[in-house]
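Below is one structure, written out as structure tokens; comments come after it.
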Amino acid sequence: MEELSEALKAIERELNFARKAYNSIVYLYWAVAFPVVYLTSSILSACTGASANSLVVIFSALAILLFVFEELKASKKVRGIEKALGRKTPLNRRYLLAQALIWPVVIVIAGVLVEDVWLSSLLVIGSGMLALAVVDYAFLRGGWDKAIVGATILLLSVPYGRVSITKGAYATLVLSLAFALGAYLVLRKAMRE
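First residue of the sequence shown? That's 7 in this note's numbering, and the numbers climb one at a time after it.
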């Protein structure tokens, strides 16, 4: 009987780890998506003569749509794991609404204040991540990972335009680095628990 109890505890630990690992997928997705969007836009712009900024907007929209699809699949897996663990996290509509309202507000504010496409993307995403951290803290008493990602992006925005690589490449590196750091921190925390 004691062996069975230990086996069930081990299974529960592994399921908890799997649930937390799924939370890092959002960061891994964007750590890869930003360079893919930038490189694809740059290559197509060079080959076709199309505006690189227009292509970035189009491919970014496609990346967001793909992200929504992937996030729905991942959240379904997390709900399945929670069900297997005998837990059910209620869907808080106010939390989801607060998350959804952040992005238009941040985009409008940065769009009004900053004209440079790449700098505004850094400011929008960095500020948006910090705002998401506040929402997460208010509703879930969490959000430390989003705060670190947002702060990293905003801090690395300071030398923007003063480095020897193009602004688009610099912005892409900053975003990819920050989201890779977020994935690492979430996975590291999951492995420690």
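Virtual Cβ for every residue (Gly too), placed ideally from N, Cα, C. Predicted model, so just to flag it, every value in this text is computed and none were measured.
Using CA coordinates, which residue listed in Pro-110, Val-120, Glu-121 and Cys-53 is at the minimum distance from Met-135? Pro-110
Can you give the Cα-Cα distance for Gly-92 and Arg-147, rounded to whole angstroms? 22 Å
Return the CA-CA distance between Leu-187 and Ser-126, expressed in angstroms with no decimal places. 21 Å
Do you know offhand how far Ala-177's Cα is from Leu-160's? 11 Å
If you draw a straight line from the alpha carbon of Asp-142 to that of Tyr-101, how long is it in whole angstroms? 8 Å
Alpha carbon to alpha carbon, how far is Leu-138 from Ile-200? Give it in angstroms, no decimals. For the chain, the structure presents residues 7 to 199; residue 200 sits outside this window and is missing.
How far does the alpha helix (DSSP H) with Ser-60 in it reach, from first residue to last? 58 to 90
CA-to-CA distance, Asn-29 to Asp-151, given in whole angstroms: 11 Å
Reduced DSSP secondary structure (H/G/I, E/B, other) of Thr-54: helix
How would you label Ile-171, buried or exposed, when you count the other beta carbons within 10 angstroms and need 16 or more for buried? exposed
Quick one: measure Cβ to Cβ for Tyr-166 and Leu-193, integer angstroms, because I've assumed they're closer than 8 Å. Not confirmed; about 29 Å, so no contact.
Just reading off the alpha helix (DSSP H) that Met-197 is part of, what are its end residues? 173 to 198
Cα-Cα separation between Gly-174 and Val-42, rounded to whole angstroms: 12 Å
Measure the alpha-carbon distance for Val-38 versus Leu-14 and round it to whole angstroms. 36 Å
Cβ-based burial, Arg-99 [other Cβ within 10 Å; buried from 16]: exposed
Using CA coordinates, which residue listed in Val-32, Val-123, Ile-115 and Ser-48 is at the minimum distance from Glu-77? Val-32
Starting from Ser-127, follow the alpha helix (DSSP H) in both directions and report where the run begins and ends. 123 to 146
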